[in-house]
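One gets the numbering used here by counting positions in the sequence shown from 1 and adding 188 to each. Beta carbons: idealized from backbone N, C-alpha and C, even for Gly. The model shown is predicted, which means the values in this text are computed figures rather than measured ones. One structure below.
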Amino acid sequence: MKVLKFGGTSVGSIENIKRIIEIVRKEKEQGEEVVLVCSAFSKVTDQLINAGKLAEKKDNVTYLEIFESFKDRHRVAIEALITDAEVKKEMLEEFIDSMLRVEDILKGINLLGELSDKTLAQLVSYGERFSSFIVAGALRSAGQHGIYVNATKLIRTDANFLSAKVNFDKTNKNILDFFEAVNGVAVITGFIGCDENGNVTTLGRGGSDYTAAIFGAALKADAIEIWTDVNG
């Protein structure tokens, strides 16, 4: 088994996501079992943080403009990548529901004039949620069995919302139990986990690499590969 982690630039365009599908196809042809971990689309985390801060400051016009740009970017990706009509219909319905939740979070910040660490973690988690959701759907549309996996269901942490510490005993058990029933290509949200009370936490900036390491260790993967299309 390999864990393949794709950074923000690697999932940041329609062409790059098509390359991911080709990478998975080649790995499967070689008999390799693969698990994917995805970062948010490039610059999306900063975009969400900025929208939250502007909502807190009551800059209503600008934060809503940022939200609409965020929404449009992901909708365009779904429209371009998902060629299977049934898959596209299902994904767009779920996409609309999820975007309404993001909008509600921003409206709540705006009404209260407060952006807590807890709320910020919830807000920024949608970058990884949408990217992984779209990559999984693109795999399904291309004939691969892509399975969207929200890591908040598996990674247990403390309540340090923006730089959480992982409870490895519970996390490893959750991962092993979950993967006993997986039959396909799991596409996992990087960067995020969940505390004991069900609140979203983040593993700190760059946390998607950490997510790949967590899953690679739990699953005793043969390799963890960090894919990027930038130097360094």
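Local conformation of residue i per DSSP, three classes
i: Thr307; result: helix
i: Thr250; result: helix
i: Leu269; result: helix
i: Leu192; result: strand
i: Gly200; result: coil
i: Thr399; result: helix
i: Glu256; result: helix
i: Thr233; result: helix
i: Asp392; result: Per the sequence presented here, residue 392 reads as Gly, with Asp not at that position. Looking at Gly392 - three-state DSSP - the assignment turns out to be coil, as it is neither helix nor strand.
i: Gly334; result: strand
i: Gly296; result: helix
i: Glu210; result: helix
i: Glu413; result: strand
Alpha carbon of residue i to alpha carbon of residue j, nearest angstrom
i: Ser319; j: Val373; result: 15 Å
i: Ile209; j: Asn355; result: 32 Å
i: Gly315; j: Glu217; result: 30 Å
i: Leu350; j: Lys295; result: 21 Å
i: Asp234; j: Ser313; result: 12 Å
i: Ile414; j: Tyr251; result: 33 Å
i: Lys231; j: Phe194; result: 14 Å
i: His405; j: Asp397; result: Per the sequence shown, residue 405 should be read as Ala rather than His. Those two C-alpha atoms are separated by around 12 Å.
i: Ile237; j: Ser227; result: 15 Å
i: Met279; j: Ile266; result: 8 Å
i: Arg344; j: Thr359; result: 5 Å
i: Lys276; j: Phe283; result: 10 Å
C-beta contact flag for residue i and residue j at 8 Å
i: Ala339; j: Asp346; result: no
i: Ile363; j: Val191; result: no
i: Val199; j: Phe229; result: yes
i: Glu244; j: Gly196; result: no
i: Ile376; j: Val225; result: yes
i: Thr399; j: Leu407; result: no
Any C-beta of chain D under 8 Å from that of residue i
i: Asn298; result: No chain D is present in this structure, which holds just one protein chain.
Those runs of the beta strand (DSSP E) which lie wholly inside the stretch 338 to 379 and span at least 3 residues: Within the stretch 338 to 379, the complete beta strand (DSSP E) runs of at least 3 residues are 373 to 377.
Do three or more CB pairs link the stretch 252 to 265 to the stretch 276 to 291 at distances below 8 Å? Contact between the stretch 252 to 265 and the stretch 276 to 291 is present: 3 or more CB-CB pairs across the two stretches fall below 8 Å.
At least three beta-carbon pairs within less than 8 Å, the stretch 261 to 273 to the stretch 324 to 334: A contact exists between the stretch 261 to 273 and the stretch 324 to 334.
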